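If you count the sequence shown from 1, position 220 lands on 219 in numbering that gives the first Met the number 0, and the numbers rise without skipping. Structure, as structure tokens:
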Amino acid sequence: MGKADLHTHTLASDGALTARELLEKGKKKGLKTISITDHDTISGFLDGIEIAAEIGIELIPGIEISTIWKTKEIHILAYGFDYKNEELSDLLRSQKRARVKRMKRIIKELQSQGIDITYDEVWAEAGQGNMGRPHAANVLVNKGYVSSFAEAFIRYLSSKKLDSIKTEFAEIGIVIKTIHNAGGVLSIAHPGPIYSQDEIDQLLSLGIDGIECIHPSHNFNVQKTFTDLAKSRNILVTGGSDFHGNGKSDYDPYFGIVTLGQQHVESVKRMSGRKMNLINSNSQK
Ligand code: AMP
Ligand code: ZN
Ligand code: FE
Ligand code: FE
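In structure tokens:
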């Protein structure tokens with residue numbers, strides 16, 4: 000059975016590869032199915048649709064959404080939605096604005112700590128990508144404020160360090176409603192290091208359809224705990240490598256290695272009920 004990776008990033012957010020480069024690399028690694036799950040944007044996925052059909056790989060509509068739950072900013076994955084849905088497009092436009100506002104606040108905070116960094120520098124670093132903290136991290140490295148990407152996060156950009164920064168990402172209820180209205184399904188991203196059992200229960204009770212059980216941050220015990228939980232609740236099991244391709248993420252070596260079984264992909268597809276861009280499909284022609 001073919002392998003799948005339902006968690007990858009491209010240049011459209013904070014990854015380093017184009018959709019073509021990512022899909023070709025995935026094909027070489029033997030992946031049958033990929034979902035491009037950029038942060039709050041589907042433009043990498045849209046770029047990939049024709050390429051996936053051309054090279055014979057199944058591409059599932061996907062996204063990793065930053066959302067507010069209680070007072071926390073968390074990541075939720077979504078799959079199999081109608082990517083032309085207008086309500087979804089509106090949500091993504093507003094998420095993009097929230098990213099810009101958040102970055103302006105982050106820069107102000109860094110400036111107050113004596114760092115010479117400007118919005119334009121981060122904007123240039125992001126290029127076509129949806130702006131995020133990794134772009135600011137690159138600027139801090141390039142300007143010599145820190146000696147590594149990891150140091151930039153540890154000293155300046157971690158959620159803990161930016162605790163006081165207000166963000167305007169959509170509330171989780173809105174995200175869930177929008178994705179469901181667009182025919183998609185949702186999965187709690189990389190829960191392992193983040194939530195207590197009680198919090199997982201609370202998130203599921205909001206209507207989230209699955210759990211990302213398989214992720215490089217999960218050891219075998221964690222993976223088994225979540226997979227058993229998903230089985231007992233009859234919800235989706237999702238997973239992937241969280242590949243960014245920039246050599247800076249610890250997860251990059253896991254691409255093609257940390258994969259999801261095809262039976263789980265079938266469940267995602269069945270539940271979302273959306274037409275996928277199947278191998279050899281001529282629907283794009
Ligand atoms: P943002 O979209 O701005 O919230 O940034 C989230 C991204 O930053 C994640 O997907 C990772 O790629 C990266 N990131 C978050 N925390 C860290 C960390 N502690 N070390 C390295 N990269 C991180
Ligand atoms: Zn990322
Ligand atoms: Fe994430
Ligand atoms: Fe991710």
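C-beta: ideal position from N, C-alpha, C; glycine also. Here the structure is a predicted model, which means the values were calculated and not measured.
In the DSSP annotation of this structure, Lys95 is not part of any beta strand (DSSP E); the continuous alpha helix (DSSP H) holding it starts and ends at 85–111.
Between the segment 154–174 and the segment 86–104 there are three or more C-beta pairs closer than 8 Å, enough to call the two in contact.
Note on Arg132: 16 or more other CB atoms within 10 angstroms of its CB, so buried under the neighbour-count rule. By the CB criterion at 9 Å, Phe225 and Thr7 fall outside the cutoff.
In the DSSP secondary-structure assignment, Phe242 is bridged to Thr7. According to the DSSP assignment, Lys31 belongs to the beta strand (DSSP E) that extends over 30–35. By the Cβ-count criterion, Glu57 is buried, with 16 or more other Cβ atoms from all chains shown falling within 10 Å of its own Cβ. Around ligand 3, the residues whose beta-carbon falls short of 6 Å from at least one of its heavy atoms are Glu63, His74, Ala188, His189, given in chain order. With three or more CB-CB distances shorter than 8 Å, the segment 249–263 counts as touching the segment 230–241. Annotation: the continuous beta strand (DSSP E) that includes Lys71 extends over 71–78.
Residue range 209–213 is occupied by the beta strand (DSSP E) that includes Ile210. Under the 8 Å Cβ criterion, the segment 177–190 counts as touching the segment 71–88, having at least three qualifying pairs.
Residue Gly79 holds the alpha-carbon nearest to the alpha-carbon of Phe44 among Gly79, Glu120, Ile67.
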